[in-house]
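A.B. asks: The structure's right below; bear with me while I get my questions together.
Numbering (the numbering used here), first residue to last: 1 to 198.
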């Protein structure tokens, strides 16, 4: 058991079944560790150490370990950037449109399949003490909220825009650039103009 715990700690609290086996950890020890709640399964073949110094973005790290091209998006990114009062219970992630169907038991995720022209824009890598995850920057997130306004609600998109414009680091030129690239210029710019004038 000690060997297994050390192995997990050396890999930031995560491991895949094949990597444990390749390091000489016996499958029965893995089963025993699960039964004792030392490790838990978060996706087929992917496990994490239960008692580890996790940070507040644990769910994002879990998703990143399960699917390396997943990018935190929409409502989850809006929350991360502190542009909304909503605290989502599901993690919204974007993957390229040609990605095989993907789901997770925990944490619960809502998967959006973005066309490559939208998927590749505005990705940031966030490094935490427990790992790295990808997320869209604030400007791209607002534009995505306007792209999905009919599904997620225009009020959320407007709240995000309003809160963004209150920030000291708000970059209107950058927001306009993303609005063009995300094909929401016609929808977003009138709101932007009205809010900036105020």
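Glycine included, C-beta positions come from ideal geometry on N, C-alpha and C.
Look up residue 131 in the DSSP assignment and say whether it is helix, strand or coil.
C.D. replies: Residue 131: strand per DSSP, three-state reduction.
A.B. asks: My guess is that residue 85 and residue 12 are in contact by the Cβ rule of under 8 angstroms, so how many angstroms apart are they, rounded?
C.D. replies: Not a contact, Cβ separation roughly 32 angstroms.
A.B. asks: Taking only the alpha-carbon atoms, compute the straight-line gap between residue 17 and residue 9 and give it to the nearest angstrom.
C.D. replies: One C-alpha to the other measures close to 15 angstroms.
A.B. asks: Could you spell out the range, first to last residue, of the beta strand (DSSP E) harbouring residue 164?
C.D. replies: Looking at the DSSP string, residue 164 is not in any beta strand (DSSP E); the run it does join, the alpha helix (DSSP H), is 154–166.
A.B. asks: Hey, quick one: how far does the beta strand (DSSP E) through residue 46 stretch, first residue to last?
C.D. replies: Residues 46–49.
A.B. asks: Look at residue 25 and residue 60 and say whether their C-beta atoms are less than 8 angstroms apart.
C.D. replies: Contact flag unset, no.
A.B. asks: Leaving out the 5 sequence neighbours to the left and right, which residues in its chain are closer than 8 angstroms to residue 163 when beta-carbon positions are compared?
C.D. replies: Result list for residue 163: 82, 83 and 84, in chain order.
A.B. asks: Do residue 48 and residue 80 have their C-beta atoms closer together than 8 angstroms?
C.D. replies: No, they are not a contact pair.
A.B. asks: Closest to residue 122 by C-alpha separation, out of 138, 128, 173 and 168, would be which residue?
C.D. replies: Among 138, 128, 173 and 168, the Cα nearest to that of residue 122 is on 138.
A.B. asks: With H, G and I counted as helix, E and B as strand and the rest as coil, what does DSSP make of residue 176?
C.D. replies: Note: residue 176 maps to helix in three-state DSSP.
A.B. asks: Does residue 103 come out as helix, strand or coil in the three-state DSSP assignment?
C.D. replies: Looking at residue 103 - three-state DSSP - the assignment turns out to be coil, as it is neither helix nor strand.
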